[in-house]
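**Student:**
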Amino acid sequence: MSTDTVSAPDRDPLRPLRYFWRVPLLLLHVVLGVLLCAGILSWNKHVVMKDGREPFAHRMIRWWSTKLLRIFGLRSVRFGQPLRDPVLFVANHTSWIDIELLHSQRAACFVAKAEIASWPLVGWLAASGGTIFHRRGSNHSLATVMQVMVDRLRGGRSVAVFPEGGTGHNGVLRVFHARIFQAALDADVPVQPVALRFARDGRRVIDAGFREHENFLQNFLRLLGEAPLDAEVHFLEPVPATPEARRRMAELSRERIAAALEDRAA
-12 MSTDTVSAPD
-2 RDPLRPLRYF
8 WRVPLLLLHV
18 VLGVLLCAGI
28 LSWNKHVVMK
38 DGREPFAHRM
48 IRWWSTKLLR
58 IFGLRSVRFG
68 QPLRDPVLFV
78 ANHTSWIDIE
88 LLHSQRAACF
98 VAKAEIASWP
108 LVGWLAASGG
118 TIFHRRGSNH
128 SLATVMQVMV
138 DRLRGGRSVA
148 VFPEGGTGHN
158 GVLRVFHARI
168 FQAALDADVP
178 VQPVALRFAR
188 DGRRVIDAGF
198 REHENFLQNF
208 LRLLGEAPLD
218 AEVHFLEPVP
228 ATPEARRRMA
238 ELSRERIAAA
248 LEDRAA
């Protein structure tokens, strides 16, 4: 088994050049995102997949997210197949970019920290995409979020969560919280683990996400100038529903994601 790698050093002579052409593209793409949210998404918030056919609004979300990743030098690559809506996707979490990475393959309602709702523009875009906001540390907020998740799932929408409860650093996969899996049991929908992995030349890059003590703006600017990477989305085998053992569902999801994140021996 090969060891994990890290991304290219920050002293990259091409970084200023990447900023030169990526920043204008990003600004144009954000404006386009605002227009999409104000138009297509505002009129089609509650559309769902029928007979496996993806609604136009969902395709627009995937298209916009894929193009955003490309502006950041990230090529979205899918492994495996996502289940049909509705499904509870559970993924590892390294950065804000994880949401766009999964959205490039499937439009889902994400559960995100409540602070994002107050961010200029970003909060509005997230809300327009169906994000469910959760105030961390509040049991009342969690109970409300769980009920909204169940309602969305029963209504035919997929929901995506990061069961680690926060972002990991340096490739470390944290413990998965089991309570979040109850929503899938209550709504009677499958749970599909999803491994989000950044790679260059087939080798995993462990610091593409948040570095320790790095804030959103620092991570955003660093990624914007980064050399190209593959952004892999691995849709893994669903975990069996076991009402008497949510903890086992969480552990099995984590095990499958951990295995998919590892570098393969040459």
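Position one of the sequence shown corresponds to residue -12 (our numbering), numbered consecutively onward.
Ideal Cβ placement from N, Cα and C applies to all residues, glycine included.
By alpha-carbon positions, which one of L129, V21, V181 ends up nearest to L88?
**Tutor:** V181
**Student:** Quick one: what's D217 bridged to in DSSP?
**Tutor:** R62, A186
**Student:** With distances taken from CA atoms, which of D72, R166, A174, A147 is nearest D138?
**Tutor:** A174
**Student:** Give the straight-line distance between the Cα atoms of G212 and G20, rounded to the nearest whole angstrom.
**Tutor:** When only Cα atoms are considered, G212 and G20 end up about 21 Å apart.
**Student:** Take A246 as the anchor and find which of A78, R49, F7 has the nearest alpha-carbon.
**Tutor:** The alpha carbon of A246 has as its nearest neighbour, out of A78, R49, F7, the alpha carbon of A78.
**Student:** Mind checking who F76 pairs with in its DSSP beta bridge?
**Tutor:** A147, Q179
**Student:** List the endpoints of the continuous beta strand (DSSP E) containing I193.
**Tutor:** Where I193 is concerned, there is no enclosing beta strand (DSSP E), given that its DSSP letter is neither H nor E.
**Student:** Please list, in chain order, all residues of the same chain as F207 whose beta carbon is under 8 Å from its beta carbon, the five residues on each side excluded.
**Tutor:** The residues are W83.
**Student:** Taking only three categories from DSSP, how would you classify V162?
**Tutor:** coil
**Student:** Please state the DSSP three-state secondary structure of R139.
**Tutor:** helix
**Student:** Between the alpha carbons of E151 and R40, how many angstroms are there, rounded?
**Tutor:** 31 Å
**Student:** List the residues that DSSP assigns as beta-bridge partners of H121.
**Tutor:** Within the DSSP bridge table, the entry for H121 names K100 as partners.
**Student:** Helix, strand or coil for V34? Go by DSSP, reduced to three states.
**Tutor:** In the three-state scheme derived from DSSP, where H, G and I count as helix and E and B as strand, V34 is classed as coil.
**Student:** Secondary structure at R40, three-state DSSP: helix, strand or coil?
**Tutor:** strand
**Student:** Is the Cβ-Cβ distance between F163 and V178 less than 9 Å?
**Tutor:** No, the pair does not count as a contact, with Cβ atoms beyond the cut-off.
**Student:** Specify, as a first and last residue, the run of the alpha helix (DSSP H) that Q92 falls within.
**Tutor:** Looking at the DSSP string, Q92 is not in any alpha helix (DSSP H), and its letter there is neither H nor E.
**Student:** Return the Cβ separation of V64 and E219 in integer angstroms, given the expectation that the two are a contact with Cβ distance under 8 Å.
**Tutor:** 5 Å
**Student:** Closest to L129 by C-alpha separation, out of C24, A165, A195, G143, would be which residue?
**Tutor:** A165
**Student:** Regarding G153 and the ligand GTP, is the C-beta to nearest heavy atom distance less than 8 Å?
**Tutor:** Absence of the ligand GTP is noted for the structure shown, with no ligands found whatsoever.
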